[in-house]
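Protein chains: 2
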Amino acid sequence: MVDIATRVFNQNWKIDPIVRSLLDTDFYKILMNQFIYRNSKGVEVKFQLINRTKDVSLVDLISEEELRNQLDQARMLRLSRGEATWLRGNHFYGNEMMFSPEYVSWFEEFTLPEYNLKKQNDNYELTFEGAWNEVSLWEIPALSIVSELRSRALLREMGKFELQVLYARAMTKLWEKIEKLKKLTNLRIADFGTRRRHSFLWQDWCIQAMNEGLGEKFLGTSNCLVAQRRELEAIGTNAHELPMIYSALTDTDSELAAAPYEVLANWQKEYDGNLKIILPDTYGSENFFKNAPDWLAQWTGVRIDSGNPILGAETALRWWSSKGEDTTKKLLIFSDGLDVNAIEMLYARFSSSARLSFGWGTMLTNDFRGLGINLEANPMSLVCKAVNANGRPTVKISDDFGKVLGQASDLNRYKRVFV
Amino acid sequence: MVDIATRVFNQNWKIDPIVRSLLDTDFYKILMNQFIYRNSKGVEVKFQLINRTKDVSLVDLISEEELRNQLDQARMLRLSRGEATWLRGNHFYGNEMMFSPEYVSWFEEFTLPEYNLKKQNDNYELTFEGAWNEVSLWEIPALSIVSELRSRALLREMGKFELQVLYARAMTKLWEKIEKLKKLTNLRIADFGTRRRHSFLWQDWCIQAMNEGLGEKFLGTSNCLVAQRRELEAIGTNAHELPMIYSALTDTDSELAAAPYEVLANWQKEYDGNLKIILPDTYGSENFFKNAPDWLAQWTGVRIDSGNPILGAETALRWWSSKGEDTTKKLLIFSDGLDVNAIEMLYARFSSSARLSFGWGTMLTNDFRGLGINLEANPMSLVCKAVNANGRPTVKISDDFGKVLGQASDLNRYKRVFV
């Protein structure tokens with residue numbers, strides 16, 4: 000029997016929308032958003048979509064019209080009543096509300112602001128300008144729209160059963176990964192794959208498969224919408240955006256040197272426990288720890304998001320030890336370019352030194368390599384970053400050469416200051 | 000949105016029925032059924048389910064209650080109006096109706112007759128007794144019910160996503176087979192997998208995947224219900240049942256020796272073209288051809304259903320040549336224990352000698368070997384055969400030792416007569 004209502008409902012869409020809810024975003028974006036809403040009203044920023052995969056041209060795959068249609072559609076979204084209720088219901092260990100009534104009320108009125116889209120040679124220039132807390136919420140929908148439009152383009156010519164077999168292969172591939180991960184006794188792992196996912200429906204499937212396959216080893220997902228619908232834990236803390244913009248807004252070198260710590264000092268006024276996670280690599284992890292204030296050593300954990308994860312973890316462990324902390328009580332979160340082999344290796348190496356947690360992204364939600372479709376199906380590395388704040392350029396150095404952001408003169412100054 | 004109607008509809012079933020239509024059977028059963036209806040009214044037969052896989056106990060897997068529920072449910076089925084219309088619409092190359100109005104009217108009133116079920120040590124004894132044309136229609140539903148109940152038993156403990164991955168693996172496995180078969184330029188292949196299928200829904204999927212993947216190389220399916228619903232060709236001719244019962248009904252040795260040819264002489268009064276297919280192995284193919292009347296060499300083809308298929312095909316080709324026939328116009332149908340390797344081998348060997356066609360059964364619709372579930376998921380060899388007719392025992396010799404049927408004294412007589 001055809002479900003006539005569903006059929007007619009779908010006829011109302013001009014397009015098949017990729018992003019259908021403002022909660023279809025990462026939890027840390029909302030945690031950061033409330034933080035920005037309270038602490039940095041009036042800061043104007045510019046975010047830009049950047050394609051780090053130089054050999055893939057988005058213009059060849061995605062038409063400007065379909066990209067505009069999806070972005071326009073996302074701008075029509077409003078938080079629903081149930082979504083607002085879910086946000087309000089997020090508590091710190093049952094004590095305090097994570098999101099204030101004022102913030103949720105603001106979010107209920109929120110719609111995504113305008114975007115600027117231009118064709119630039121072989122790529123699109125997609126930027127968002129305006130109030131920080133508004134523009135910031137474009138990051139994840141912009142990335143997941145481009146990522147899924149690319150998937151749709153790659154799958155366009157396939158037959159119905161060919162497609163079903165493709166997904167069958169992808170399911171099998173993921174399940175084999177899950178069966179390997181299951182063997183790691185004290186594994187704690189979460190989905191961090193919203194931004195570069197193959198598609199929303201596929202991410203939703205992957206998360207449910209992880210939940211069934213890994214049971215208690217699966218912590219939850221960074222995706223708020225899936226967390227809400229599937230009754231899972233929403234996972235996330237903070238990101239480079241905060242120190243990058245705090246730093247860009249400083250005037251003197253000493254203010255700049257203090258900015259990455261100042262943002263965390265403000266953060267701990269808002270959030271507690273598992274949300275007190277240090278992301279040390281924005282301007283190089285070694286220097287971050289060298290200059291870090293003592294109070295920061297009491298935070299819950301460190302997230303390793305670039306560079307060699309073994310070196311990154313060892314640096315954090317040494318730092319905690321030097322501050323007299325018991326590392327086995329500390330949390331190391333690995334979240335950069337993970338796949339099963341890396342997870343197994345890091346688990347073997349560090350599971351007796353600290354509590355571990357893994358934020359698994361692209362290779363969880365978009366690993367279609369070797370499944371018999373176009374080779375281009377290798378996931379691409381797209382980011383959407385703040386490039387300036389109040390007209391001043393942002394800088395990111397990170398522990399990876401490929402993730403550097405900023406102009407030469409600014410980079411030199413930052414490198415001099417963060418030594 | 001939940002489709003409430005579907006949900007409520009499903010609530011009406013006491014069980015999830017395996018066989019939901021009298022057309023969920025092989026086309027040759029209906030072709031033979033009309034033949035029996037017209038030629039052999041009044042013959043009383045007994046059919047019996049036989050488990051050739053001695054190491055699998057059905058009693059351990061399937062409860063008597065669930066088996067009875069499924070058999071009882073099948074007895075409630077009646078041909079629907081649309082199904083009768085489909086039967087009436089089957090023509091010989093657009094000329095003549097394949098099924099007479101009288102026969103279809105009879106079928107519209109038909110329900111499956113009673114069954115006898117007893118637990119016998121580690122197996123069920125399941126038999127059907129009564130008018131040949133009524134009892135005969137139990138063969139396929141009885142087999143597919145037992146086959147699917149076994150699948151359900153093997154899958155009972157699996158989680159939802161574990162199950163989905165199992166089917167994902169099975170889909171991938173079949174698609175890889177299809178991709179290999181696609182390379183055989185003039186391949187002609189049909190689904191013959193109803194009786195030992197994993198389940199109805201899985202067979203339906205396999206057939207559609209074959210149809211999309213192989214295009215014109217896929218001839219259709221022996222399953223009438225899927226043929227009707229998916230608008231495919233229904234494929235089939237005749238089976239051992241006819242010569243076995245014709246032979247059992249004879250009195251003298253000379254009548255017995257003539258019986259396998261007499262049945263074909265009657266068959267060609269009813270059917271034409273691609274339905275004039277010889278199945279020579281009931282009492283040994285070598286002897287069948289040695290003693291065959293000349294007119295039989297003009298029939299369209301030979302089906303090779305037991306023994307070494309290379310020897311079987313060579314025997315048929317030699318026989319046609321000896322009768323002055325052009326073998327390249329003749330059709331060889333291979334239908335015994337096929338999988339991709341055997342199909343490729345037979346195709347390479349015989350595609351220049353004759354027209355070829357493959358009837359692919361168990362390894363198309365029930366190949367779950369090596370997919371990570373219970374080893375017992377190897378398909379089993381179940382048959383449902385006529386064991387006597389008007390009280391006289393039937394005999395089958397075949398070209399395979401494992402397919403022999405009958406008591407020693409009868410076997411000796413048959414071996415003596417068919418030399």
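Protein sequence lines correspond, in order, to chains F and L. Be aware that the first sequence starts at 0, since it is given in numbering that gives the first Met the number 0, and climbs by one per residue. Be aware that the second sequence starts at 0, since it is given in numbering that gives the first Met the number 0, and climbs by one per residue. Every residue gets a Cβ at the ideal spot worked out from N, C-alpha and C, and that includes glycine. In this text, all values refer to a predicted model and were calculated from it rather than measured experimentally.
Using the beta-carbon of each residue, which ones in chain F are nearer than 7 Å to Val164/L? Met170, Thr171, Trp174
Give the residues from the region 140 to 161 of chain F that approach chain L closer than 9 Å (Cβ to any Cβ), ordered along the chain. Gly158, Lys159, Phe160, Glu161
For Ala208/L, which residues in chain F fall below 7 Å Cβ to Cβ? Phe160
Under 8 Å between C-beta atoms of Ser305/F and Asp280/F: yes
Would you verify that the beta carbon of Gly369/F is, or is not, closer than 8 Å to some beta carbon of chain L? no
For Gln47/L, the first and last residue of its enclosing beta strand (DSSP E): 43 to 50
So with Cβ pairs under 8 Å, would you call Gln10/F a contact of chain L? no
Residues of the region 197 to 226 of chain L with Cβ closer than 7 Å to any Cβ of chain F, in chain order: Gln207, Ala208, Glu211, Gly212
In whole angstroms, give me the CA-to-CA distance for Leu213/F and Thr184/F. 10 Å
Take the Cβ of Ser351/F as the centre, count every other Cβ of all protein chains shown within 10 Å, and call the residue buried at 16 or more, exposed below. exposed
Going by beta carbon distance, what residues of the same chain come within less than 6 Å of Val44/L, once the five residues before and after it are set aside? Trp131, Val134, Ala385, Ala388
Rounded straight-line distance, which links the Cα of Asp59/L to that of Lys117/L: 14 Å
May I ask you to list the residues that DSSP assigns as paired with Gln119/F? Asn122/F
Note down, in chain order, every chain L residue with its Cβ under 7 Å from the Cβ of Ala296/F. The contacting residues do not exist; Ala296/F stays about 41 Å from chain L at best.
Three-state secondary structure (DSSP) of Ser321/F: helix
Counting contacts by CB-CB distance shorter than 8 Å, is Val134/L in contact with chain F? no
Is the beta carbon of Cys223/L sitting closer than 8 Å to the one on Leu22/L? yes
Could you tell me which chain F residues have their CB closer than 7 Å to the CB of Ala353/L, listed as they occur along the chain? None at all; the shortest Cβ gap to chain F is about 31 Å.
Put Met243/F into one of helix, strand or coil per three-state DSSP. helix
Rounding to the nearest angstrom, what Cα-Cα distance links Asp190/L and Met362/L in this structure? 10 Å
If you follow the beta strand (DSSP E) that Lys384/L is part of, which residue opens it and which one closes it? 381 to 388
Tell me the start and end of each unbroken beta strand (DSSP E) in the region 107 to 179 of chain F that is at least 3 residues and wholly inside, in chain order. 115 to 119, 122 to 130
Does DSSP put Leu374/L in a helix, in a strand, or in coil? For Leu374/L, the predicted structure reports a pLDDT of 49, less than 50, and the residue's modelled location is therefore unreliable. A value from the coordinates is still provided. Leu374/L falls in the helix class under three-state DSSP.
Taking the beta strand (DSSP E) that Val301/L falls in, what are its first and last residues? 300 to 303
How many angstroms separate the CA atom of Leu274/F from the CA atom of Phe106/F? 21 Å
Hey, does Val418/F have any beta-carbon neighbour from chain L nearer than 8 Å? no
Assuming Arg434/L is part of the beta strand (DSSP E), what are its boundary residues? Here chain L has residues from 0 to 418 only, and residue 434/L is not among them.
Quick one: what's Arg391/L bridged to in DSSP? Ala388/L
Measure from the alpha carbon of Gly360/L to the alpha carbon of each residue in Trp266/L, Ile342/L, Leu186/L, then state which is nearest. Ile342/L
Excluding the 5 residues preceding and the 5 following Leu330/L in the sequence, name in chain order all residues of the same chain whose CB lies nearer than 8 Å to its CB. Asn273, Ile276, Thr299, Gly300, Val301, Ala353, Arg354, Leu355, Ser356
What are the start and end residues of the alpha helix (DSSP H) that includes Thr84/F? 80 to 87
Please list the partners that Ala189/F has in chain L, where partner means a Cβ-to-Cβ separation under 8 Å. Here the premise fails: no neighbours, minimum Cβ distance about 17 Å.
Just the Cα atoms here: how many angstroms apart are Asn290/F and Leu263/F? 14 Å
Chain B beta carbons: is any one of them nearer than 8 Å to that of Ala167/F? Protein chains in the displayed structure are F and L, and chain B is not among them.
Alpha-carbon to alpha-carbon, Val339/F and Lys182/F: 11 Å
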